[in-house]
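With the working numbering applied, the sequence shown covers 380 to 514. Notes follow the structure.
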Amino acid sequence: MSRPHHLHGGLVLLVAAGGMVGTAGRYLLSTALPQQDGWPVGTLVENVLGAFLLGLLLEALVRGGRETRRGTVLRLGLGTGVLGGFTTFSALAIEVERLLADGQWALAAGYAVTSLAAGLLACLVGVLVGARRSS
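Following this line, the structure appears as structure tokens:
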């Protein structure tokens, strides 16, 4: 794989296929978890779960040593593709904007801060779990 990954057709298709799977999962979760008292629960769960899984995946791959072809396929297919399609920063931004437009400033601020802090914490926990599993 001497070409850059974005120029390798097979890897681009892998990311696209993973993105379709992740997006379908996000849609299913969003419809299963409707808003609760103005909180977009589905998006919050998707982003936090996705952050945890991405931290876990990337830590496991890093601890595996130098990236192999298999590692590249896992990183791009699962990380960029599936988890990139599953998580959605754009929906978070739109939901915060809608809450602000509705005059729900406190709810918008609480949702934004909770989403970002929980996502960061979930990623850290994923990294720690990945590190423990590799030891």
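All C-beta atoms in this analysis are idealised placements derived from N, C-alpha and C, irrespective of residue type, glycine included.
Problem - Cβ-based neighbour list, Ala510, same chain, cut-off 6 Å, excluding 5 preceding and 5 following - result: Its chain contains Glu438 as the residues whose beta carbon lies nearer than 6 Å to that of Ala510, once the 5 sequence neighbours on both sides are disregarded; these appear in chain order.
Handout entry: 9 Å Cβ cutoff met for Gly421 and Leu462
Key = With contacts defined as CB atoms closer than 9 Å, Gly421 and Leu462 fail to qualify as a contacting pair.
Practice task
Might you give, ordered along the chain, the residues of its own chain that have their beta carbon closer than 7 Å to the beta carbon of Ala491, omitting 5 neighbours on each side?
Solution key: Annotation for Ala491: Val475 place their beta carbon closer than 7 Å to its own, counting only its chain and skipping 5 residues before and after.
Problem - Contact set for Thr432: own chain, Cβ-Cβ below 7 Å, skip 5 residues either direction - result: Note on residue identity: the sequence assigns Leu, not Thr, to residue 432. Excluding positions up to five away in sequence, the list reads Leu462 and Gly505.
Handout entry: Exposure label - Leu440; buried when at least 16 CB within 10 Å
Key = Buried, since its Cβ has 16 or more Cβ neighbours within 10 Å.
Exercise for the section: With 9 Å as the threshold, decide whether the Cβ of Val475 is near any Cβ in chain D. Expected result: The structure shown has no chain D; it contains just one protein chain.
Problem - Beta-carbon proximity check, Gly464 vs Ala403, cutoff 9 Å - result: Cβ atoms of Gly464 and Ala403: closer than 9 Å.
Handout entry: Anticipated Cβ contact below 8 Å, Gly460 with Leu408, distance rounded
Key = In this structure, Gly460 and Leu408 do not form a Cβ contact; the two beta carbons are roughly 17 Å apart against a cut-off of 8 Å.
Practice task
For Cys502, collect the residues of the same chain with a Cβ closer than 7 Å to its Cβ; drop the 5 residues on either side in sequence, then sort them by chain order.
Solution key: Result list for Cys502: Ala430, Phe431, Leu433 and Gly434, in chain order.
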